[in-house]
Every structure is written in C-alpha cells, then in structure tokens.
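Heads up: the sequence shown at position 18 corresponds to 10 in the numbering used here, and the numbers run straight through without jumps.
Every residue, glycine too, gets a C-beta built ideally from N, C-alpha and C.
Just so we're clear, the structure is a prediction, and the values are computed from it rather than from any experiment.
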Amino acid sequence: MPGLPVCTPTEVERALLRAGFVLHHTRGSHRYYRHPTHLRLVAVAFHARDIKRGTLHGILRQAGLSVEEFLKLL
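Next up, the structure:
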C-alpha cells in the first residue's frame, strides 16, 4: 500500500471534485464538500501551507476514499 503524499488544499479539492463531490458551503477558511449520492460531508481547511498526512487521512476517511483511489484522482 503506498503512503499518503503531502498535498496542498487545492490538490485535495481537485481530487474530491473528480470523485464527484461538490462544494456545499464555506465557513471561514474551511470548505465543505458533499457527495450527491453518498451524502458524505467532507471539510477541507484552506490555508497557505500543506495538509499534514494525518489530517489528509482523516479527510479521506470522511470522504470514504482509500489511499489508492485518492492517488488515482490526483
């Protein structure tokens, strides 16, 4: 199983959009994405720095994506 890369919030957003998520709402520096059929809500913090691997793992868990699926979407 490959490890998670260090990603920017923009790269994570692009992968979520490719997976079918749509922007639901924004609150402060966080953007919330919802999948139309799975009804999952995923929060991504948009800051100037990279997203840490542990945080990225939590985002993938919220989205219901495996590491392999995420890497294909990048």
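Continuous beta strand (DSSP E) stretch holding residue i: start and end
| i | result |
| --- | --- |
| Ala35 | Leu33 to Ala37 |
| Leu15 | Val14 to Arg19 |
| His22 | His22 to Arg26 |
Selected residue, minimal CA-CA separation from residue i, among the options
| i | options | result |
| --- | --- | --- |
| His16 | Leu9, Arg26 and Arg10 | Arg26 |
| Arg23 | Glu61, Thr2 and Arg10 | Thr2 |
| Ala35 | Arg41, Thr29 and Ala55 | Ala55 |
| Thr0 | Leu9, Leu48, Arg32 and Leu31 | Leu48 |
| Leu33 | Leu65, Gly12, Asp42 and Leu(-4) | Gly12 |
| His30 | Leu66, Val59, Gly(-5) and Leu8 | Leu8 |
| Thr18 | Ile43, Phe38, Val4 and Ser58 | Phe38 |
Alpha helix (DSSP H) segment containing residue i, residue limits
| i | result |
| --- | --- |
| His49 | Arg45 to Ala55 |
| Pro1 | Pro1 to Arg10 |
| Leu63 | Val59 to Leu65 |
Cβ distance (whole Å) where residue i is taken to contact residue j below 8 Å
| i | j | result |
| --- | --- | --- |
| Arg45 | Val(-2) | 7 Å |
Within-8 Å CB hit, residue i to chain C
| i | result |
| --- | --- |
| His16 | Going by chain labels, chain C is absent from the structure shown, which holds only one protein chain. |
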